[in-house]
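Residue numbers (our numbering), protein chains in the order written: chain A, 1 to 284; chain B, 1 to 159.
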């Protein structure tokens with residue numbers, strides 16, 4: 001499988017990358033780790049005339065902590081997030097999610113920024129990024145802006161990124177001590193993508209659910225926050241009955257995907273079951 | 001130089017290579033057809049089977065899902081680079097001693113992935129070995145002898 005021909009650029013700064021994007025507009029695609037884009041190009045589902053490889057751009061890699069916020073460079077690989085001591089200590093659900101992606105080789109090369117920008121409906125990161133209420137820093141020719149993860153995913157493979165913009169950082173507020181998280185996923189056996197992936201971030205006060213955020217991927221065209229589940233459980237005791245009743249609302253009001261791997265009814269049931277288990281996991 | 005072609009410099013198994021390549025050339029095809037190192041195999045071509053695994057700047061990657069131009073400046077180790085001075089690498093020896101292969105097609109990728117695994121975790125449990133090789137498919141052995149081979153290598157490498 002050979003991709004269509006394209007012109008290749010390897011800028012070393014964000015400014016240089018943005019200038020190339022402005023020049024080539026919709027003909028150009030940004031290449032990060034390449035583990036979403038290159039497979040699509042090999043199948044000729046994507047045929048960009050220009051590829052702008054940003055892996056050599058300075059300053060987009062690695063994780064640091066600043067004023068109670070983890071700042072994750074867009075080019076940070078899944079493996080780096082899975083194995084980072086800082087991430088495991090401060091926001092373990094990020095490391096847990098990273099470890100569920102693809103396989104070792106894929107995690108070595110794929111990046112968080114690339115995955116989010118590609119916005120595959122069955123990718124893992126969107127669920128967790130939504131549940132953590134992350135901020136996304138975007139840089140474009142008109143300057144930079146920060147948007148909420150909840151405003152980022154728009155349609156199938158479509159995000160709030162404009163043609164001349166690049167996602168550069170993911171900002172995650174380090175949760176309070178009494179906050180726990182859990183990401184639970186059913187792997188599609190062949191591809192490893194999520195048939196359903198549920199991320200839960202839960203703040204407890206004794207046995208009471210003080211606050212809960214639930215992000216779900218793999219179930220709909222667009223990853224979503226299960227707000228019906230959240231409002232059903234917030235302020236209530238974390239009993240098995242309350243959790244199960246809340247989880248029943250995991251697919252409420254959602255347009256559910258259907259494909260050869262899972263019917264609408266099956267996916268809807270998966271969303272409920274995995275939501276219940278992920279909440280139980282975070283609560284225990 | 002033709003505008004659409006790019007010059008790339010790599011070090012593969014300690015030797016320097018310089019070629020002008022089309023940007024769409026995949027790294028696995030560069031290794032096999034340009035550099036002439038056919039130990040790295042083309043399997044599924046869809047980032048799943050791991051037969052094309054090589055180590056690029058210290059990371060095991062699926063070279064069917066990487067462009068050769070992305071490897072410009074990289075240090076690459078392929079299956080051909082593991083044996084030293086005519087002596088099999090302990091992982092290769094493990095596959096020999098513990099019968100870790102039948103047809104052998106997946107073996108180069110399996111050994112290179114095992115190399116990454118043992119570098120990160122020199123004394124892995126059986127579960128950790130299976131997890132560490134999740135990106136490599138073998139359709140002959142049922143994996144048990146591959147696990148045995150990696151355990152053999154882990155013991156030998158720890159001396």
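By construction, the Cβ of each residue, glycine as well, lies at the ideal position given by its N, Cα and C atoms. Since the model is a prediction, treat every value here as computed from it, not as a measurement.
Between the alpha carbons of residue 167 of chain A and residue 117 of chain A, how many angstroms are there, rounded?
The residue given as residue 167 of chain A occupies position 167 in the first chain. The residue given as residue 117 of chain A occupies position 117 in the first chain. If you take the alpha carbons of residue 167 of chain A and residue 117 of chain A, they lie about 7 Å apart.
Thinking just about the alpha-carbon of each residue, which of A/252, A/218 and A/28 is nearest to the one in residue 231 of chain A?
Here residue 231 of chain A refers to the residue found at position 231 of the first chain. The residue with the shortest Cα to Cα distance from residue 231 of chain A is A/252.
Could you tell me the distance, in whole angstroms, from the CA atom of residue 89 of chain A to the CA atom of residue 52 of chain A?
The residue labelled residue 89 of chain A in the question sits at position 89 within the first chain. The residue labelled residue 52 of chain A in the question sits at position 52 within the first chain. Answer to the nearest angstrom: the Cα atoms are 34 Å apart.
Would DSSP call residue 19 of chain B helix, strand or coil?
Indexing the second chain from 1 puts residue 19 of chain B at position 19. Here residue 19 of chain B sits in strand by DSSP.
Can you give me the C-alpha to C-alpha distance between residue 99 of chain B and residue 122 of chain B, rounded to a whole angstrom?
Start at 1 with the first residue of the second chain, and residue 99 of chain B comes out as number 99. Start at 1 with the first residue of the second chain, and residue 122 of chain B comes out as number 122. Going by the C-alpha atoms only, they are around 21 Å apart.
Which runs of the beta strand (DSSP E) fall wholly inside the stretch 88–165 of chain A and span at least 3 residues, in chain order?
Whole beta strand (DSSP E) segments, 3+ residues: 135–140, 143–148 and 153–155.
For residue 69 of chain B, go through chain A and note every residue whose CB falls closer than 8 Å to its CB, in chain order.
Numbered from its first residue, the second chain carries residue 69 of chain B at position 69. What residue 69 of chain B touches in chain A: 8, 10 and 53.
From A/139, A/276 and A/228, pick the residue whose C-alpha is nearest to that of residue 240 of chain A; which is it?
Working through the first chain from its first residue, we reach residue 240 of chain A at position 240. Answer by Cα proximity: A/276.
In the stretch 93–108 of chain A, which residues sit with their C-beta less than 8 Å from some C-beta in chain B, listed in chain order?
Against chain B - using a Cβ distance shorter than 8 Å - the residues of the stretch 93–108 of chain A are 102, 103, 104, 105, 106 and 108.
Assign residue 96 of chain B to buried or exposed, taking buried as 16 or more other Cβ atoms, counted over all protein chains shown, within 10 Å of its Cβ.
For this step, residue 96 of chain B is matched to residue 96 along the second chain. The residue is exposed, with fewer than 16 neighbouring Cβ atoms inside 10 Å.
Go through its chain and collect everything with a Cβ distance to residue 149 of chain B's Cβ below 6 Å, but skip five positions before and after it.
Taking the second chain and counting its residues from 1, the one referred to as residue 149 of chain B is at position 149. Taken in chain order, the residues that qualify are 94, 95, 98 and 100.
Quick check on the DSSP output: the beta strand (DSSP E) that includes residue 31 of chain A runs from which residue to which?
Counting from one through the first chain, the residue named residue 31 of chain A turns up at place 31. First-last of the beta strand (DSSP E) with residue 31 of chain A: 28–31.
Mind listing the chain B neighbours of residue 5 of chain A? Cutoff is C-beta to C-beta under 9 Å, in chain order.
Counting from 1 along the first chain, the entry for residue 5 of chain A is found at position 5. Result: 4, 22, 23 and 24.
In the DSSP assignment, the beta strand (DSSP E) including residue 9 of chain A goes from what residue to what residue?
Position 9 of the first chain, counting from 1, holds the residue named residue 9 of chain A. Looking at the DSSP string, the run of the beta strand (DSSP E) that includes residue 9 of chain A is 7–9.
Hey, how far is the Cα of residue 1 of chain B from the Cα of residue 103 of chain B?
Taking the second chain and counting its residues from 1, the one referred to as residue 1 of chain B is at position 1. Taking the second chain and counting its residues from 1, the one referred to as residue 103 of chain B is at position 103. The pLDDT assigned to residue 1 of chain B is 49, lower than 50, so where the model puts this residue is not dependable, and the model offers no usable value.
Take the Cβ of residue 33 of chain A as the centre, count every other Cβ of all protein chains shown within 10 Å, and call the residue buried at 16 or more, exposed below.
Taking the first residue of the first chain as position 1, residue 33 of chain A is located at position 33. Flag for residue 33 of chain A reads buried.
At a CB distance below 7 Å, what residues from the stretch 92–125 of chain B approach chain A? Give them in sequence order.
Within the stretch 92–125 of chain B, the qualifying residues are 113 and 116.
Taking C-beta pairs closer than 8 Å, name the residues in chain A that residue 60 of chain B reaches, listed in chain order.
Here residue 60 of chain B refers to the residue found at position 60 when the second chain is read from its first residue. Simply 104, 105 and 108.
With H, G and I counted as helix, E and B as strand and the rest as coil, what does DSSP make of residue 262 of chain A?
Here residue 262 of chain A is taken as the residue at index 262 of the first chain, counted from 1. Here residue 262 of chain A sits in strand by DSSP.
Where are the beta strand (DSSP E) runs, 3 residues long or more, that stay fully inside the stretch 67–154 of chain B, in chain order?
With a minimum length of 3 residues, the continuous beta strand (DSSP E) runs that stay inside the stretch 67–154 of chain B are 75–77.
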